[in-house]
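One structure is given below, encoded as structure tokens.
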Amino acid sequence: MRDSKLLSFAIFGVLFLVNGVIGEDPYRFFTWKVTYGDIYPLGVKQRGILINGQFPGPQIDAVTNDNLVISVFNYLREPFLISWDGIQQRRNSWQDGNFGTNCPIPSGRNFTYKIQVKDQIGSFFYFPSLKFHKAAGGFGGIRIWSRPKIPVPFPNPAGDFTVLAGDWFKTNHYILRRGYLDRGRALPNPDGILINGRGWNGYTFTVDQGKTYRFRISNVGLTASINFRIQGHKMKLVEVEGSHTLQNMYDSLDIHLGQSLSVLVTANQPVQDYYVVVSSRFTRRVLTTTAVLHYSNSRKGVSGPIPWGPTTQIAWSVSQARSIRWNLTASGPRPNPQGSYHYGLIKPARTIMLGNSAPWINGKQRYAVNSVSYVQPDTPLKLADHFNIQGVFSVGSIPTNPTGGSGYLQTSVMHANFREYVEIVFQNWEDTVQSWHIDGHSFFVMGMEGGQWTPASRARYNFRDTVARSTTQVYPRAWTAIYIALDNVGMWNVRSQNWERQYLGQQFYLRVYSPAHSWRDEYPIPRNALLCGRARGRHTRPL
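For the sequence shown, the positions run -23 to -1, 1 to 520 when mature numbering (1 follows the signal peptide of the UniProt record, and there is no 0) is used.
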């Protein structure tokens, strides 16, 4: 009997190592070749990062619980990493694609990511996470569709469009990195806005009159919030980063750095072409660009002034953010009502407060969380943790509350217990909008207000139908509070979605720890894991 159990366990281990994921769910295979190529997004020749010759990169389409096998060949002359914004990587931070979890793919080498989109639906994107490569491209959309038997709270649209929008620099990314960031200098202002890699009226969405279409919009920019609108058309919000929402109507929508959402648009206007407009928000100089909504039988191009965005600033945006609510009657990835999870009735085990700041350290501009400006170690934290390599990081190297002290450099890692339910407050005393993301998890956005958060602020929380997402904004001199169930073991990146801030230290890692060391809680190190730094030469086989 004992031998039989051992044999069964060994077979399970072999199957896991071969397939990466156990189960009957379908596999989808992708082969990507990452190269440099000439691009002209703002009319100026630039050296962009292409995936299979495309800018932006190929669309990933998947269905809930699909296994994605993505083989990435790096033909750049420097290391490269891809991360998957909003994909939760259940039990599998080994595939997260940040330097805290993965070694970069060396030039001329490849790495195969094995990801399961477990219990997820919705709109997301991928992007390069290393060396400020995001400023050169290498990003693309991810659409995760519901399983056929799972009801979706709206009729199937006639078409489904991905909109990757954000600010862009004409200056090449290596000059921005070496000439500004590595010297401790803030970036210049961006030069424009792109929609799907193109500038003014460079992209066209074709629709048939009378039909309804889904637009999945992601802010893939580097430094600025954006506002999205379509001339003469209303937008019905239906999904935010994997959560079905109440279907409110909007004339325009603010989308902050790293955020994604879906709207339904009905082509119910007279037959002609209309502007699709994206403009920057909360910037001194408002940047604007357009695409075209083309009615298929139209012979009349776009005309008239482009529609103005919101004329008020913070108050309008806050009001809109509060109007985004969870659809409690809709099914999620599985056939159970999303509202059955009574997040507001669970008492958090502790409160963590995170304060952002912009200190000067050693004569250079840096950005910090609770006064700690993150420094990349020579070895990915996940590998150092797995192999018990001393001296790479120490747990508790970042305080759980703002200290008010001057900034300092540290490879910052915060401890958290598996299945802990935590309240996190993002406190912003700066004059700019912040955007925060937590890898590996979704969280409930409980509330946002101006001023200093106190325990009394909980009286204004939404305990019933707040939306669950993975990126949230924090307005100037204000706070945003979230509840999060730390139900995913691993080493997870918590970061600013402003890429200048992230690059210069406004990030840290959350080590969600389980003493059980069980494969039920976290998958073992992949056999194809790249090893670098002090982990070089180690063995990856867990059996």
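Glycine included, C-beta positions come from ideal geometry on N, C-alpha and C.
Check: Rounded C-alpha distance that separates Gly(-1) from Ala436; Outcome: Confidence at Gly(-1) is low in this model, with a pLDDT of 49, below 50, so its placement is unreliable and the value that follows should be read with caution. Roughly 44 Å separates the two Cα atoms.
Check: Minimum C-alpha distance to Gly179 - residue among Val451, Thr267, Asn44 and Ala112; Outcome: Thr267
Check: Touch test, the region 384 to 393 against the region 437 to 457, Cβ-Cβ under 8 Å, three pairs minimum; Outcome: no
Check: Buried or exposed by the 16-neighbour rule on C-beta atoms within 10 Å, applied to Tyr4; Outcome: exposed
Check: C-beta atoms of Val197 and Phe104 nearer than 8 Å; Outcome: yes
Check: Assumed close pair Asn149, Gln23 - CB separation to whole angstroms, cut-off 8 Å; Outcome: 6 Å
Check: Beta-carbon proximity list for Leu230, same chain, < 8 Å, skipping 5 on both sides; Outcome: Ile194, Asn204, Phe205, Arg206, Met212, Leu214, Leu238, Val240 and Gln297
Check: For Gly332: DSSP bridge partner residues; Outcome: Gln404
Check: Status (buried if at least 16 other CB within 10 Å, exposed otherwise) for Trp61; Outcome: buried
Check: Reduced DSSP secondary structure (H/G/I, E/B, other) of Ile(-2); Outcome: Residue placement at Ile(-2) cannot be trusted, given a pLDDT of 45 that sits under 50; what the coordinates show is reported in the next sentence. In this structure, Ile(-2) counts as coil in the three-state DSSP scheme.
Check: Under 8 Å between C-beta atoms of Thr89 and Gly118; Outcome: no
Check: Span of the beta strand (DSSP E) around Leu214; Outcome: Met212 to Val217
Check: As assigned by DSSP and simplified to three states, the class of Lys111; Outcome: helix
Check: Expected contact under 8 Å - CB spacing of Leu45 and Ile82 to nearest Å; Outcome: That pair is no contact at about 17 Å.
Check: Supposed contact pair Arg515 and Phe364 - C-beta distance, whole angstroms, cut 8 Å; Outcome: 5 Å
Check: Three-state secondary structure assigned by DSSP to Trp9; Outcome: strand
Check: Same chain only: Cβ atoms within 8 Å of Gly136, ignoring 5 sequence neighbours per side; Outcome: Val184, Lys188, Tyr190 and Arg191
Check: Segment limits, alpha helix (DSSP H) that includes Gln411; Outcome: Taken as a continuous stretch (DSSP letters only), Gln411 belongs to no alpha helix (DSSP H), being part of the beta strand (DSSP E) at Gln411 to Ile415.
Check: Whole runs of the alpha helix (DSSP H) within the region 406 to 485, excluding any shorter than 4 residues; Outcome: 476 to 480
Check: For Ile401 and Gln342, the rounded distance between their alpha carbons; Outcome: 26 Å
Check: Secondary structure of Tyr151, DSSP reduced to three states; Outcome: helix
Check: Start and end residues, beta strand (DSSP E) containing Lys91; Outcome: Asn87 to Gln93
Check: Whole-angstrom distance between Asn274 and Gln66, CA atom to CA atom; Outcome: 44 Å
Check: Cβ-based burial, Lys95 [other Cβ within 10 Å; buried from 16]; Outcome: buried
Check: Val451 versus Ile291: straight-line alpha-carbon distance, rounded; Outcome: 11 Å
Check: Distance between Gln387 and Arg162 (C-alpha atoms, nearest Å); Outcome: 20 Å
Check: Inter-residue spacing [alpha-carbon to alpha-carbon] between Gly219 and Arg504; Outcome: 30 Å
Check: Residue burial classification, His319 (beta-carbon count within 10 angstroms, cutoff 16); Outcome: exposed
Check: Distance between Trp496 and Arg396 (C-alpha atoms, nearest Å); Outcome: 15 Å
Check: Reduced DSSP secondary structure (H/G/I, E/B, other) of Arg67; Outcome: coil
Check: Exposure label - Asp126; buried when at least 16 CB within 10 Å; Outcome: The residue you asked about is not Asp; residue 126 is Lys in the sequence shown. Lys126 should be labelled exposed.
Check: CB contact below 8 Å: Asp144 versus chain C; Outcome: No chain C appears in the structure shown, which is made up of a single protein chain.
Check: Helix, strand or coil at Tyr52 [DSSP, three-state]; Outcome: coil
Check: Three-state secondary structure assigned by DSSP to Leu(-7); Outcome: A caution first: Leu(-7) carries a pLDDT of 40, below 50, which makes its placement in the model too unreliable to give a value.
Check: Exposure label - Lys277; buried when at least 16 CB within 10 Å; Outcome: exposed
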